[in-house]
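**Student:** Read top to bottom, the protein sequences are chains A and B.
Heads up: the first sequence begins at 75 in the working numbering, then just goes up one per residue.
Heads up: the second sequence begins at 75 in the working numbering, then just goes up one per residue.
Glycine included, each C-beta is placed from N, C-alpha and C at the ideal position.
Protein chains: 2
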Amino acid sequence: MPTYKAPARDTRFIINEVLKLDTYGNLPGFENATADMADTVVEEAGKFIAEVVAPLNLSGDQEGCTRHADGSVTTPKGFKEAYVAYRESGWGTLTQPEAFGGQGMPHVLGFVIEEFLCSANQAFAMYPGLTNGAVAAILTKGSPEQQSMYLPKMISGEWTGTMNLTEPHCGTDLGLIRTRAVPQADGSYAITGTKIFISAGEHDLTSNIIHLVLAKTPDAPDSTKGISLFIVPKFLLDDQGNPGTRNPVSCGAIENKMGIHANATCVLNYDEAQGWLVGEENKGLAAMFIMMNAARLGVGVQGLSQAEVAYQNAVLYAQERRQGRALTGAAEPNEKADMLFVHPDVRRMLMDAKAFTEGFRAFALWGALQVDLSHKAATEEERALADEMISLLTPVIKGYGTDKGFETAVNMQQVWGGHGYIAENGMEQFVRDARIAQIYEGANGVQAMDLVGRKLGMNGGKAVQAFFATVDKDCAEAKADPQLADLAGRVEKANGELKAATMWFVQNGMTNPNNAGAGAHHYMHIMGIVTLGLMWLRMGKVAAAALAAGSGDKSFYEAKLVTARYFGERFTPDAGALRRKIEAGSGSIMELPVEAFATA
Amino acid sequence: MPTYKAPARDTRFIINEVLKLDTYGNLPGFENATADMADTVVEEAGKFIAEVVAPLNLSGDQEGCTRHADGSVTTPKGFKEAYVAYRESGWGTLTQPEAFGGQGMPHVLGFVIEEFLCSANQAFAMYPGLTNGAVAAILTKGSPEQQSMYLPKMISGEWTGTMNLTEPHCGTDLGLIRTRAVPQADGSYAITGTKIFISAGEHDLTSNIIHLVLAKTPDAPDSTKGISLFIVPKFLLDDQGNPGTRNPVSCGAIENKMGIHANATCVLNYDEAQGWLVGEENKGLAAMFIMMNAARLGVGVQGLSQAEVAYQNAVLYAQERRQGRALTGAAEPNEKADMLFVHPDVRRMLMDAKAFTEGFRAFALWGALQVDLSHKAATEEERALADEMISLLTPVIKGYGTDKGFETAVNMQQVWGGHGYIAENGMEQFVRDARIAQIYEGANGVQAMDLVGRKLGMNGGKAVQAFFATVDKDCAEAKADPQLADLAGRVEKANGELKAATMWFVQNGMTNPNNAGAGAHHYMHIMGIVTLGLMWLRMGKVAAAALAAGSGDKSFYEAKLVTARYFGERFTPDAGALRRKIEAGSGSIMELPVEAFATA
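Listed below in structure tokens is the structure:
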């Protein structure tokens, strides 16, 4: 059976040494986010999640969720108890506002818990994860009454939440939705329609489920400008605010999926279910994007999570399994064979995973800190900069993070050879679970278009220019350090490829937007490489300083410098190839008629 | 439900127009391989496979195989009937020797059928596929008596065969096997041990199963030099050569796997089972490699197969599904949305799949022709050259073909968005089934080391030099044609990267073999790119000539030229990046102690 331990040391390194969370103590909400507090969160939440949640991952996958004839859904054995334990642990309320029962800590610490939870059990993590998305929408767009009715119990985990966007005929293009919301005399709406792919849509973990549903009012424009957002509780609340009458929203089926079997992905049928408008009519898409943006960062972290847990199990296997001999001669002549670790190609895959997971963890936590700073930084200018950075990089966190996360899970399965293909060893589950993150919350092609079509041009390109400048500044500084000069030169070069690709879009994407579309995915990947390079420069700098100061944790910091070198050598060369692909434009991509794609 | 049609037009193009099979009519075995004959094979075998075998793919995956308490195994519903129909169709005997009931046709036509069969149903295809491997070993190393006892019924498909290499503690490193073969007074051997991952190891399709088993005789050296190969039939043959007494080899379990559910992957327990030595004692590995080399080419084709069927279904979905609008303005304003085909990023994935599948089909069939020519070409020199080419490129066909095949299946699943993650749509099965091909018959890292550690140096590098020269010659010729000049320049450049990487290995791999190991996987991929580039040049040349001659099939040839251009623009840039990764060497890969990989 696969195992999981929270990557505590590395997380503490990023939070306390690289991001230096405690230097923000003067900002509201950061007062209690001391290094000690961060250490406690990392250690204790990590321990709890590894002990209580991780052991249910494989069994949950094998058992899956069960829908009964009455439409009720049972989660796998142990999930209910683990959910109660998670709720009682309080980790889920850490970053939620104190006004509604949360602990008001910075989001960056919430991201730590999200990573751990998804590594331990992604299907489980989605139950509280979706709730967080729903909470974010009600927090921002809900009325004070709605907030006080729903938020305390959603934040405490007594109830969960869902996001209802997709319908059978529409996913990305929400302008096509058909679910109707008809206003009633009492100010509520009667919601009718079918939603599909609703994660955590029905289950037995909580006494109520608060659905957030996109629907169209009778006179709404027939486009994304005609979408409104509604709260539709599974059980209508009684006068005391407790679950009362059952609302006619029911689970028509649960999907048979490639992975995340332990999360109930439901078809939800709304049959004149009672709902309440959230925010303004026809402004539902904006509200939904609040959920989506938070969710996209969370999904990016899922890429990291599956890569991390797969990596941990590949590392263990590479030590345990003996096969063949080192190319340089038997490493352990007294054994019948050497451990897999002696083989360069096995190590290549492990180093690749190490460079990605550690680099991306820094990226994701840095991103989460920008979310905090966009609300809490001392000056308007700092808040705006943080907001621009995270807006720009959200699609990269989601798209690059999940593409590389999946690739890493696949490579870690490869380390296991034939045994990686066998279900009971758990490696293939990581691959199947990682796969969904490239698809949901906006498929990665949609992320790429968000980046290139929307984010690059924000405020006349201010965000991306600020990004370039940040990278160049770090590179220039790092070049002065012989231990980082090689990496700095490589990251600077990759940043140059990114600038050139940006310029190419400016010159060729306006006249023919297909040129932007055809290169968007590649562009997202270059930006992922450059951002991870920036993170490796920063981590390398801290590591070099710690070593120079004679740190007692020498091997940890030395490993950081070696991994930084690996990153430079093996990740950055792709930037140039990707730029050349972008510069090929959309010609050969768009030229053929549809009929030319038939092969028979 | 997913669909499949055999890619008849493209296959005929490669066989008849690019490889010009009928120009080999003077060689033994090629006499009947006329263009008409090839057309018939492609059309009729394709039709049969699409109609009879493909419809069982999804249902077979969902049902899987069942092991009963007595160790017997039932294949999914419909498999037995389809197997009988396949056997009776005669397609399985096409390339087998006439002396044992085959039709003696060139292997290149057998590869066509293998591709179709694996696209239609990989799990099904493995039952006859493993038989072919066993047949190859008996044909080359078996005694005349063994050949006449087993081959006719294995070739007719009345019996199937298996390959028994892996044991719980050893896969790649066969020197570690523990299965024992004790000589008996009657000249047979008593075989005892446990074999795992035995594809088609037990089933209900045929009246007998002929296991080929690696085992060690009592005094064998404790290394790969002490392995012998044995025939162990499930039922011992009676005096008439029919299945009689049950031999004590039994299925202890069938594995629960990520994919290929409809193929019974068995744990086989040999308990003093009666077996007969094939070839010489302690020379089993060489015999096994005969099976393996054929199997590796076949597994490379599996990469193509899954990519092809996934591509076909993605093309259909991209036409059917309407979502969003073309970036250049609504393509079909009267529809609520445009088809997915208008989106450049969707087309990028489809063009990538088209460039890979068509390019790799040419590569695989060209490779199969080299197998034929290595036996049948008119002169010793031609036979030697063909043998060198296919030896050199077998690991590329297996490793690059299955890596890209998997990647393509994943991308085609991505085209389907959320619906691609749902089991009943079949896209996720293609991904799960494609995944095994990167692992079995020598994991792709092993292929890469075979290429770099063994094949490059064969005969003082003669094969790889001949490969370079062939590519350069084709590039030089193609540069004269304005329609191909751009591609030719790009392929020439990629070939230059490959040469530079080869030189780097020569200079750095001798002193430190880890430098070769650390770059082997990248090298295999550059060689894959260059070989596909060579194929696209050749296909482009034929297409340009056909267009110049005023062919009536204009759109087919035009599509070839556009796809060739796409290949040049989007595949070749990676060659340079891969070379730079190789040149980074093994330093940062080998430097860290094992302890540094722990993350907790």
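#1: Provide the residue(s) that pair with A327 of chain A in DSSP beta bridges, ordered along the chain.
#2: Contact defined as beta carbons within less than 8 Å: I believe F437 of chain B pairs with L606 of chain B. What is the distance between those atoms, to the nearest angstrom?
#3: Check distances from the C-beta atoms of the stretch 243-257 of chain A to those of chain B and list, in chain order, the residues that come in under 9 Å.
#4: Using a beta-carbon distance cut-off of less than 8 Å, what residues from the stretch 313-339 of chain B approach chain A?
#5: T673 of chain B CB to nearest chain A CB: under 8 Å?
#6: Kindly provide the ranges of any alpha helix (DSSP H) runs that are 4 or more residues long and lie completely inside the stretch 92-161 of chain B, ordered along the chain.
#7: Does the beta carbon of G491 of chain A come closer than 8 Å to any beta carbon on chain B?
#8: Name the DSSP bridge partner or partners of T236 of chain B?
#9: Please determine if the stretch 398-416 of chain B and the stretch 238-251 of chain B are in contact, where contact requires at least 3 C-beta pairs separated by less than 8 Å.
#10: By alpha-carbon positions, which one of B:T476, B:N330, B:G527 and B:T280 ends up nearest to F309 of chain B?
#11: Just the chain A side, please: which residues come within less than 8 Å of Q393 of chain B by C-beta, in chain order?
#12: At least one CB of chain B closer than 8 Å to the CB of A369 of chain A: is that the case?
#13: Do the CB positions of A208 of chain A and M228 of chain A come within less than 8 Å of each other?
#14: Beta carbon of S302 of chain A, beta carbon of G358 of chain A: below 8 Å?
#15: Does the stretch 507-526 of chain A come within contact of the stretch 330-342 of chain A, defined as at least 3 CB pairs closer than 8 Å?
#16: Could you spell out where the alpha helix (DSSP H) holding P317 of chain B opens and where it closes?
#17: Taking all protein chains shown into account, do 16 or more other C-beta atoms lie within 10 angstroms of the C-beta of A327 of chain A, making it buried, or fewer, making it exposed?
#18: Could you confirm whether any beta carbon from chain B is found closer than 8 Å to the beta carbon of Q488 of chain A?
#19: If we cut at 8 Å on Cβ distances, does G203 of chain A have a partner in chain B?
#20: Between the C-alpha atoms of R370 of chain A and G516 of chain A, what's the straight-line distance to the nearest angstrom?
#21: Would a C-beta distance cut-off of 8 Å place S660 of chain B and G591 of chain B closer than the cut-off?
#22: Check whether the Cβ atoms of K628 of chain A and A617 of chain A lie closer than 8 Å to each other.
#23: So H595 of chain A contacts chain B; which residues on that side make the cut at Cβ distance below 8 Å?
#24: Could you give the distance in angstroms between the alpha-carbon of L101 of chain B and the alpha-carbon of A107 of chain B?
#25: At a CB-CB cut-off below 8 Å, which residues of chain B make contact with K79 of chain A?
#26: Within 10 angstroms of the Cβ of G534 of chain A, are there 16 or more other Cβ atoms? Answer buried if so, exposed if not.
#27: For P180 of chain A and L608 of chain B, I'd like the C-alpha separation in whole angstroms.
#28: Nearest to L439 of chain A by alpha carbon, out of A:P129, A:D144, A:T236 and A:V186?
#29: Quick one: what's Q348 of chain A bridged to in DSSP?
#30: Note down, in chain order, all residues in the stretch 636-651 of chain B with a beta-carbon under 7 Å from any beta-carbon belonging to chain A.
#31: Could you compute how far the alpha carbon of I513 of chain A sits from the alpha carbon of T468 of chain A?
#32: What in chain A is Cβ-close to S629 of chain B, meaning under 8 Å?
#33: If we define contact as Cβ-Cβ less than 8 Å, is N238 of chain A a contact residue for chain B?
#34: Extract the residue ranges of the alpha helix (DSSP H) inside the stretch 442-494 of chain B, only unbroken runs of 4 or more that lie entirely within it.
#35: Put I251 of chain A into one of helix, strand or coil per three-state DSSP.
#36: Okay, do the stretch 148-155 of chain B and the stretch 125-140 of chain B touch, 3+ Cβ pairs below 8 Å being the bar?
**Tutor:** Checking against the coordinates, here is how it stands:
#1: Walking along the first sequence from the start, residue 327 of chain A turns up at place 253. DSSP output for A327 of chain A lists A:V341 as bridge partner(s).
#2: By one-based count along the second sequence, residue 437 of chain B stands at place 363. By one-based count along the second sequence, residue 606 of chain B stands at place 532. That belief holds up - the Cβ atoms of F437 of chain B and L606 of chain B are roughly 6 Å apart, short of 8 Å.
#3: H243, C244, G245, T246, D247, G249 and L250
#4: Answer in chain order: E329, N330, K331, M332 and G333.
#5: What you label residue 673 of chain B is simply residue 599 of the second sequence in a count that begins at 1. Chain A, which has a Cβ nearer than 8 Å to the Cβ of T673 of chain B, makes this yes.
#6: 109-114 and 131-137
#7: The sequence position of residue 491 of chain A within the first sequence is 417, counting from 1. Taking Cβ atoms only, chain B reaches closer than 8 Å to G491 of chain A, which makes this a yes.
#8: One-based indexing of the second sequence puts residue 236 of chain B at position 162. BP columns for T236 of chain B point to B:H285.
#9: no
#10: Position 235 of the second sequence holds residue 309 of chain B. Here the closest residue by C-alpha is B:T280.
#11: Here the question's residue 393 of chain B lines up with position 319 in the second sequence. Chain A residues near Q393 of chain B: V668.
#12: On the first sequence, position 295 is the one that residue 369 of chain A refers to. Not an interface residue.
#13: Numbered from its first residue, the first sequence carries residue 208 of chain A at position 134. Numbered from its first residue, the first sequence carries residue 228 of chain A at position 154. Yes, they are a contact pair.
#14: For the purposes of this step, residue 302 of chain A is taken as the residue at position 228 of the first sequence. For the purposes of this step, residue 358 of chain A is taken as the residue at position 284 of the first sequence. It is a contact, given that the beta carbons lie within the stated cut-off.
#15: yes
#16: Residue 317 of chain B sits at position 243 when you count from the first residue of the second sequence. No alpha helix (DSSP H) contains P317 of chain B, which is instead part of the beta strand (DSSP E) from P317 to R320.
#17: Indexing the first sequence from 1 puts residue 327 of chain A at position 253. Its Cβ having fewer than 16 others within 10 Å, A327 of chain A is exposed.
#18: Counting from 1 along the first sequence, the entry for residue 488 of chain A is found at position 414. Yes - at least one Cβ of chain B is within 8 Å of the one on Q488 of chain A.
#19: Working through the first sequence from its first residue, we reach residue 203 of chain A at position 129. Chain B, which has no Cβ nearer than 8 Å to the Cβ of G203 of chain A, makes this no.
#20: Your numbering for residue 370 of chain A matches position 296 in the first sequence. Your numbering for residue 516 of chain A matches position 442 in the first sequence. If I take the Cα positions, the gap works out to 8 Å.
#21: Counted from its first residue, the second sequence places residue 660 of chain B at position 586. Counted from its first residue, the second sequence places residue 591 of chain B at position 517. Yes, these two residues count as a Cβ contact at 8 Å.
#22: Taking the first residue of the first sequence as position 1, residue 628 of chain A is located at position 554. Taking the first residue of the first sequence as position 1, residue 617 of chain A is located at position 543. Not closer than 8 Å, so no.
#23: On the first sequence, position 521 is the one that residue 595 of chain A refers to. Neighbours of H595 of chain A on chain B, chain order: D419 and R422.
#24: The sequence position of residue 101 of chain B within the second sequence is 27, counting from 1. The sequence position of residue 107 of chain B within the second sequence is 33, counting from 1. Approximately 10 Å, taken between the alpha carbons.
#25: Mapped onto the first sequence, residue 79 of chain A falls at position 5. Within 8 Å Cβ-Cβ: T673 and A674.
#26: For the purposes of this step, residue 534 of chain A is taken as residue 460 along the first sequence, with counting starting at 1. Its Cβ having fewer than 16 others within 10 Å, G534 of chain A is exposed.
#27: Position 106 of the first sequence holds residue 180 of chain A. Position 534 of the second sequence holds residue 608 of chain B. Cα-Cα distance, rounded: 56 Å.
#28: Translated into the one-based positions of the first sequence, residue 439 of chain A becomes position 365. Among A:P129, A:D144, A:T236 and A:V186, the Cα nearest to that of L439 of chain A is on A:V186.
#29: For the purposes of this step, residue 348 of chain A is taken as residue 274 along the first sequence, with counting starting at 1. Paired residue(s): A:A264.
#30: V636, R639, Y640, E643, R644, P647, D648, G650 and A651
#31: In the first sequence, the residue the question calls residue 513 of chain A occupies position 439. In the first sequence, the residue the question calls residue 468 of chain A occupies position 394. Straight-line Cα distance between these residues: approximately 15 Å.
#32: Looking up residue 629 of chain B in the second sequence gives position 555. Here the neighbours are P667, E669 and A670.
#33: Taking the first residue of the first sequence as 1, we reach residue 238 of chain A at position 164. For N238 of chain A, the answer is no, since every Cβ of chain B falls outside 8 Å of its Cβ.
#34: 454-489
#35: On the first sequence, position 177 is the one that residue 251 of chain A refers to. In this structure, I251 of chain A counts as coil in the three-state DSSP scheme.
#36: yes
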